[in-house]
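Read the structure below first, then the notes.
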Amino acid sequence: MNDEIIEQYREAGRLAKRILADGAGQITPGVLLSDIADSVCSMVADAGAGIAFPPNISINEAAAHDTAGPGDERIFQEGDLVKLDIGIHIDGYIADTAVSIDLGDHGNLIEASRAALDTAISLARPGTSAGEIGAAVQETITMRGYRPVANLTGHGLARFSLHAAPSIPNIGSSGGPLLKEGMVIAIEPFASTGSGRVSEGNRCEIFSQIAVKPVRPPAARRILEEIRDRRGLPFARRWLTTSRADLALTTLIRQGIIRPYPVLQDIPGSLVSQAEHTIIVTEDGCIVTTR
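Following the numbering used here, the numbering of the sequence shown begins with 3 at its first residue and continues without gaps.
Written out as structure tokens, the structure is:
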């Protein structure tokens with residue numbers, strides 16, 4: 003970590019903050035999810051930055067990993083609780099940030115995850131354990147009458163890597179890794195009215211390449227060519243122009259080359275809120291790049 007790298011992280015954070023606010027402001031009842039996904043991607047491109055992962059647009063009990071699919075005609079509805087989670091990178095240095103948008107009457111639930119995030123950030127300094135942060139997140143959410151999502155965590159960020167060490171839990175645990183100066187971490191509390199645990203749903207629109215192996219089917223080879231510049235960062239199914247992409251993706255998944263990211267969701271009828279910032283741990287605290 004040097005001053006140049008820190009500035010790239012900070013510039014990515016400044017862009018992410020602006021684009022997240024602009025994208026969230028466009029989410030209203032009757033708007034297509036695909037229009038929001040396209041708008042966010044266009045704003046990132048216009049800023050001269052890279053998109054670190056497809057915009058996650060997750061509604062109600064869906065907590066993460068949903069985005070618009072090919073020909074997606076879903077629209078936002080009155081009463082929805084929408085999570086918009088975006089990632090932007092400058093030369094591989096990533097800012098990851100999210101906000102919950104209230105299309106109903108969910109202010110208290112949104113405040114629970116937002117307050118938990120503020121509490122976590124206040125504790126972020128060298129020597130603080132991941133378990134301490136998780137305990138503080140859990141207490142902040144439960145004291146408001148909700149459940150933290152126990153099987154989702156914050157995560158470290160590295161160049162062209164969305165999930166590096168350390169993991170930052172949303173529930174208390176003993177010990178865990180200690181924060182160190184120079185760590186870059188996305189902290190993301192989730193608060194739920196449901197079970198407080200997510201499982202994989204049937205929708206899957208986001209994938210990433212996790213291995214390099216020879217493949218025979220032409221369509222599978224074409225997909226690997228299309229995503230080569232992603233350098234392992236996630237991509238959306240709707241970004242692919244290859245014909246018969248679904249069959250080719252299935253082949254690549256079976257061969258262990260592509261990883262799918264199904265939508266993660268709590269129990270039907272529940273609501274999940276999310277808040278997220280990216281921080282750089284400093285000698286005496288942290289820099290919040292996305293605030």
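For each residue, glycine too, the CB sits at the ideal point set by N, CA and C.
Can you check whether the CB of L119 is closer than 9 Å to the CB of I29?
Result no, Cβ atoms of I29 and L119 do not sit closer than 9 Å.
Could you tell me the distance, in whole angstroms, from the CA atom of I135 to the CA atom of R230?
Answer to the nearest angstrom: the Cα atoms are 37 Å apart.
For the alpha helix (DSSP H) holding G1, just list the boundary residues, first then last.
There is simply no residue 1 to check, as the chain begins at 3 and stops at 293 in what is shown.
Just the C-alpha distance for G271 and L83, rounded to the nearest angstrom, thanks.
Each residue's Cα considered, the two are about 12 Å apart.
Name the DSSP beta bridge partners of S194, please?
R149 and V274.
In terms of residue numbering, what span does the beta strand (DSSP E) encompassing L181 cover?
Note, L181: premise wrong, no beta strand (DSSP E); not H, not E.
With H, G and I counted as helix, E and B as strand and the rest as coil, what does DSSP make of N110?
Reduced to three states, the DSSP call for N110 is helix.
Looking at the strands, I want to know which residues DSSP matches up with S201.
In the DSSP output, where bridge partners are listed per residue, S201 has Q267.
Looking at the unbroken alpha helix (DSSP H) that takes in L254, where does it start and where does it end?
Where L254 is concerned, the enclosing alpha helix (DSSP H) stretches over A247 to R256.
Check whether the stretch 34–46 and the stretch 70–86 touch, using three or more Cβ-Cβ pairs below 8 Å as the test.
The answer is yes - the stretch 70–86 touches the stretch 34–46, with three or more Cβ pairs under 8 Å.
Over what stretch of residues does the beta strand (DSSP E) that includes I61 continue unbroken?
Counting along the chain, the beta strand (DSSP E) containing I61 begins and ends at G52 to I61.
Under the rule that 16 or more other beta-carbon atoms within 10 Å means buried, what is L249, buried or exposed?
When all chains shown are included, L249 counts as exposed.
Taking the beta carbon of M185 as the centre, do at least 16 other beta carbons fall within 10 Å, making it buried, or is it exposed?
M185 should be labelled buried.
Buried or exposed for T252, please, with buried defined as at least 16 other CB atoms from any protein chain shown within 10 angstroms of its CB.
Burial call: exposed.
Tell me the rounded alpha-carbon separation between G192 and Q276.
Here residue 192 turns out to be Phe, not Gly, going by the sequence shown. Each residue's alpha carbon lies about 5 Å from the other.
Out of curiosity, what's the CA-to-CA distance linking S169 and E80?
Rounded to whole angstroms, S169 to E80 spans 35 Å at the Cα level.
Under the rule that 16 or more other beta-carbon atoms within 10 Å means buried, what is N62, buried or exposed?
By the neighbour-count rule (16 or more Cβ atoms within 10 Å), N62 is buried.
For the beta strand (DSSP E) holding A97, just list the boundary residues, first then last.
Per DSSP, A97 belongs to the beta strand (DSSP E) from Y95 to D104.
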